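Below: the structure, in structure tokens.
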Amino acid sequence: MGARLASGLSLLCLIVTAIMFFQVHGAQAEPPLDELTMPATQVKSVDILDGQVLLMTDGSIGKYRHFSLGAPPRLVVDLYDIEPGSAEKAYSLSGAFKGLRVGRYPTKSRFVFDATGEKLPEYSVSSTGQAVQVVWDQKPIVGENTPPSQEGVQVTIEAIDFIAEGGQSVLTLQLSNPATLVDPVIDGDIVRFGVENAAINRSLRRVVDPSSFPSAIRLVTPYTVFANGIQDVRFAVELKGPVSYRLEKQGSLVKFIVDDGPFAEIQPASVVTKKVPVAMTTTGPELSMENQSKADGTVGVTDGKTSFAPVAGTFVPTGESQAVAFTGQKISLVFDDAEIRNILQLIAEVSDLNIIASDDVKGTITLRLVDVPWDQALKLIMDIKELGMLREGNIARIMPKDQIRKMQQEQFVASRALEKMEDLVSEVIAINYTDVESVASKSKTRLTERGSIIEDVRDKKLIVTDVPSAVASIKKLAALLDTPERQVLIEARIVEAESTFSRELGVNWGVSYDDDPTGTAGVAGTTGLGGDFALFPANVAAGASSGFASDFTFGRVGLDKLVLDLRLAAVEKANLGRIISSPRITTLNGEEGEIRQGREIPYTTVSEDGTKTEFKKAELSLKVTPEINADGSIFLEIEAKNDAPLLENGVLAISTKQAETRALVQDGETTVIGGIFIEDTQASDSGVPWLQHIPILGNLFKSQLDSTDRRELLIFITPRILD
64 MGARLASGLS LLCLIVTAIM FFQVHGAQAE PPLDELTMPA TQVKSVDILD
114 GQVLLMTDGS IGKYRHFSLG APPRLVVDLY DIEPGSAEKA YSLSGAFKGL
164 RVGRYPTKSR FVFDATGEKL PEYSVSSTGQ AVQVVWDQKP IVGENTPPSQ
214 EGVQVTIEAI DFIAEGGQSV LTLQLSNPAT LVDPVIDGDI VRFGVENAAI
264 NRSLRRVVDP SSFPSAIRLV TPYTVFANGI QDVRFAVELK GPVSYRLEKQ
314 GSLVKFIVDD GPFAEIQPAS VVTKKVPVAM TTTGPELSME NQSKADGTVG
364 VTDGKTSFAP VAGTFVPTGE SQAVAFTGQK ISLVFDDAEI RNILQLIAEV
414 SDLNIIASDD VKGTITLRLV DVPWDQALKL IMDIKELGML REGNIARIMP
464 KDQIRKMQQE QFVASRALEK MEDLVSEVIA INYTDVESVA SKSKTRLTER
514 GSIIEDVRDK KLIVTDVPSA VASIKKLAAL LDTPERQVLI EARIVEAEST
564 FSRELGVNWG VSYDDDPTGT AGVAGTTGLG GDFALFPANV AAGASSGFAS
614 DFTFGRVGLD KLVLDLRLAA VEKANLGRII SSPRITTLNG EEGEIRQGRE
664 IPYTTVSEDG TKTEFKKAEL SLKVTPEINA DGSIFLEIEA KNDAPLLENG
714 VLAISTKQAE TRALVQDGET TVIGGIFIED TQASDSGVPW LQHIPILGNL
764 FKSQLDSTDR RELLIFITPR ILD
């Protein structure tokens, strides 16, 4: 009986001890560690206040966007990678917005604010870390210049402090004066309290993140609300779990106190250390203390973000010198004769990359890498071991480079064999702008051995027959080639002015051609009102014209179109010149445009058939061929020709002058052709009637007047690209 009693007492003590053990350790057990800055995935609540809406989420808001739409006026707010938490799809609002509609999209949630009137009110959209606040119909929320309300003097929140010690988290608010508080209200894991008739500086309107403290508080978000024309400051405190809290006021100090409970034991971790058991082979006892510390497979990982872009079927040609930006998480690897497969396994653990190593990947490696991105470390290891990588998403196959080349060659041969077995398809491709022959000649290089292209010039179509992949490639190429040709507007101004006008205008004359058979070309300086000019040589060709008083000169004017027109108008007003014509033509890029101005001279010919009148053209012609460069500048190929009537021994002749040049000008810049002179010679006699006819003495009673008027033709050419 005594033995049974002792046995029962022992069993009872054991049960009590177990209960106490589980109570103690259960109280100290860490809850699931939820990162304090986890990105938001769901909208927890839509708080509608007077003149504002607060979209509260369950985490930190990453990307959001807002914009306005018209007809009818709307404000749209998009939260990316966040889902609406409620099934409610419409909310009623007041003031300048009459309603809020909620939409769900694959990658975002959309909140549409419908305006009450015909235009949107003044509004502001801001993020406070865990919430997006939309405010309208309100005065500025900054407390510095807010006038006192009717219910009392407005207080200002001057400071916000947070501290966690002794198992409690304390959020302290320093007010300018004592104020009335809004009692705490809990909604799920969020506790809201506030200060009535208060203002807060923008510098304090930020999320308080206690992630560096062992605290039950996840985030604290301050925001403002308007109720009955009075501004209150509210605080949304998100808790990690069910804990006790209280709100205290001590004069102008307000304290929100939370008992952390089991959350007080959570320790922050700024550096993550991952341990992977690695079988090591040590060649001797000469390993340093650092090598010995790493030889057990411990790898230091510097805190950072892992970043890589998944590319399907990527072959990394290791061993080649390429400038690569490495963005992986930094790690430290110090090993002596470590198995290469174990190192790859270790990198896979750190990078979250699925690495598959072929059976031919083997051997050992000795390395010491400190604070190196994991992708750079992987590349260095593959370079040393002559390995390559095939990347498909986040799966990487690592094998010798020779094996990869062999596999790719086999795939190439197999694809060619598959093409020969694949059914042919035909497709008609319409060509709109380019000539059919040009597109067909460039597309034939993409045909397979069985493919063909038929050109339908009449209907401007290509009939392509080939395997589907080749047809798709040719169709894509044709779309790139079949684009409308760009056009250039050529504006010309033909001006007859005094011979000194070009210098006064500031023309920078470049190459000139005179009537000398030697064909000399010279560079002249800049005179007059010129600015910053460039000089371009001309390739001049001349026709024989004896006794024609003119030179061709080419230059540039550093004036825009408006200033040039004003200068020419001033010349006409001062009777120093006149604008003969201002023709305009539009031509395609690379095509010639021609401007002609002149007349046909009649003359009489006598033959066996009798006398008849024929005509010869005497005109000023200008041919311009523009070529648009990639940087927007224009090459102009200019051919100027001036034909004028000339009487020699009573016979009508046509005097010809011709010159060609190429000039580089910017879009809208003006180049000028000069040196075409017009001479008007007049001779007149006047005197006293009868007396002027007396021999010898008559010279005393008469006078002779000889005058020569020399004027210059200037041709201003301005090209403009039409888009």
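Mind the numbering: the sequence shown is residues 64 to 786 in this note's numbering, read in order.
No residue lacks a Cβ here, since even glycine has one placed at the ideal position from N, Cα and C.
Every value quoted in this text rests on a predicted model; they were computed, and no experiment measured them.
Note to self: Whole angstroms are fine: how far does the CA of I757 sit from the CA of E561?
What the structure shows: Using only the alpha carbons, I get a separation of about 41 angstroms.
Next item on the list: Kindly indicate the opening and closing residues of the beta strand (DSSP E) around R460.
Entry: R460 -> beta strand (DSSP E) spans I458 to P463.
Check: What whole-angstrom Cβ distance do I461 and A541 have, given they're in contact under 8 angstroms?
Finding: The beta-carbon distance between I461 and A541, rounded to whole angstroms, is 41 angstroms. This is too long to meet the 8 angstroms contact definition.
Next item on the list: Would you kindly report the start and end of the unbroken beta strand (DSSP E) that includes Q408?
Entry: If you look at Q408, you'll find it isn't in any beta strand (DSSP E); it sits in the alpha helix (DSSP H) that goes I403 to S414.
Notebook entry, point to check: Tell me the DSSP bridge mates of N417?
Noted result: Per DSSP, the beta-bridge partners of N417 are I458.
Check: Between which two residues does the beta strand (DSSP E) harbouring A535 extend?
Finding: Premise fails: A535 lies in the alpha helix (DSSP H), P531 to L544, not in any beta strand (DSSP E).
Notebook entry, point to check: Should D545 go down as buried or exposed, given a rule of 16 or more other Cβ atoms within 10 Å for buried?
Noted result: Classification of D545: buried, given that the 10 Å Cβ count is 16 or more.
Notebook entry, point to check: Would DSSP call Q392 helix, strand or coil?
Noted result: Coil.
Next item on the list: Output the distance between the C-alpha atoms of Q755 and G761, rounded to the nearest integer angstrom.
Entry: Here the alpha carbons of G761 and Q755 stand approximately 4 angstroms from one another.
Margin query: For the pair the region 665-680 and the region 637-646, tell me if three or more CB-CB distances fall below 8 angstroms.
Written below: Taking 8 angstroms as the limit for Cβ pairs, the verdict is that the region 637-646 does not touch the region 665-680.
Next item on the list: Can you have a look at V283 and say buried or exposed, based on whether 16 or more other CB atoms are within 10 angstroms of its CB?
Entry: By the C-beta density criterion, V283 is buried, having at least 16 other C-beta atoms within 10 angstroms.
Next item on the list: Consult DSSP for S501 and reduce its assignment to one of helix, strand or coil.
Entry: Three-state result, S501: helix.
Notebook entry, point to check: Quick one: what does DSSP say K704 is sitting in, helix, strand or coil?
Noted result: Three-state result, K704: strand.
Notebook entry, point to check: Which value, in whole angstroms, describes the spacing of the CA atoms of A535 and A480?
Noted result: For A535 and A480, the distance between alpha carbons rounds to 19 angstroms.
Check: Looking at C-alpha atoms only, which residue of L777, D748 and E657 is the closest neighbour of L763?
Finding: Selection L777, D748 and E657 evaluated against L763 yields D748 as nearest (Cα-Cα).
Next item on the list: Compute the distance between the beta-carbons of K171 and Y154, then report whether it is under 8 angstroms.
Entry: Cβ atoms of K171 and Y154: not closer than 8 angstroms.
Margin query: Between the alpha carbons of E723 and I784, how many angstroms are there, rounded?
Written below: Rounded to the nearest whole angstrom, the CA to CA distance from E723 to I784 is 22 angstroms.
Checklist line | DSSP-derived helix/strand/coil call for V476 | finding: Looking at V476 - three-state DSSP - the assignment turns out to be helix.
Margin query: For E732 and I739, I'd like the C-alpha separation in whole angstroms.
Written below: Going from the Cα of E732 to the Cα of I739 covers about 22 angstroms.
Check: Quick one, which of F475, P531, L450 and K464 has its alpha-carbon nearest S489's?
Finding: Distances from the CA of S489 to each of F475, P531, L450 and K464 were compared; the closest alpha carbon is that of P531.
Notebook entry, point to check: When burial is assigned at 16 or more other CB atoms within 10 Å of the CB, is E500 buried or exposed?
Noted result: So E500 counts as exposed.
Next item on the list: Reducing DSSP to helix, strand and coil, say where K469 ends up.
Entry: Three-state result, K469: helix.
Notebook entry, point to check: When you compare each of L407, T390 and Q392 to F398 by their alpha carbons, which one comes out closest?
Noted result: Closest by C-alpha distance to F398, out of L407, T390 and Q392, is L407.
Item checked: beta strand (DSSP E) segment containing W199, residue limits -> Bounds of the beta strand (DSSP E) holding W199 are A194 to W199.
Notebook entry, point to check: What residue from G180, I253, G391 and L768 has the CA that sits closest to K107's CA?
Noted result: Selected option, being the one with the closest Cα: I253.
Note to self: Considering just the uninterrupted stretch of the beta strand (DSSP E) at Q313, what are its terminal residues?
What the structure shows: Start and end: Y308 to Q313.
Notebook entry, point to check: With 16 as the cutoff for other CB atoms within 10 Å, does Q196 come out buried or exposed?
Noted result: By the neighbour-count rule (16 or more Cβ atoms within 10 Å), Q196 is buried.
Next item on the list: Can you tell me the Cβ-Cβ gap for Q217 and T120, rounded? I've got them flagged as a contact below 8 angstroms.
Entry: With a beta-carbon spacing of about 30 angstroms, Q217 and T120 fall beyond the 8 angstroms limit used to define contacts.
Checklist line | Straight-line gap, T497 to P547 (C-alpha atoms, nearest Å) | finding: Straight through space, the alpha carbons of P547 and T497 are spaced by roughly 7 angstroms.
Next item on the list: Check whether the region 465-475 touches the region 501-516, counting contact only when three or more Cβ pairs, one atom from each stretch, lie closer than 8 angstroms.
Entry: At 8 angstroms Cβ cutoff, the stretches do not touch.
Check: Can you list, in chain order, the residues of its chain whose CB lies under 8 angstroms from that of F289, leaving out five sequence neighbours each side?
Finding: If the five residues before and after F289 are omitted, its C-beta is found closer than 8 angstroms to the C-beta atoms of L112, D113, G114, Q115, Q201 and D295, all from its own chain and listed in chain order.
Check: Thinking just about the alpha-carbon of each residue, which of E482, G162, D177 and F130 is nearest to the one in P44?
Finding: Outside the shown range of the chain (64 to 786) lies residue 44, about which nothing can therefore be said.
Check: Excluding five sequence neighbours on each side, which residues of the same chain lie with their C-beta closer than 6 angstroms to the C-beta of K152?
Finding: Listed in chain order, the non-local C-beta contacts of K152 below 6 angstroms within the same chain comprise V165, local neighbours out to five positions each way being set aside.
Next item on the list: Hey, could you find the ends of the alpha helix (DSSP H) M119 is sitting in?
Entry: Looking at the DSSP string, M119 is not in any alpha helix (DSSP H); the run it does join, the beta strand (DSSP E), is Q115 to T120.
Next item on the list: Specify, as a first and last residue, the run of the beta strand (DSSP E) that I557 falls within.
Entry: Annotation for I557: the continuous beta strand (DSSP E) segment containing it runs Q550 to E561.
Notebook entry, point to check: Smallest Cα separation from L39: which of P285, D322, S506 and G656?
Noted result: Only positions 64 to 786 of the chain appear in the structure, and residue 39 is not among them; the question remains open.
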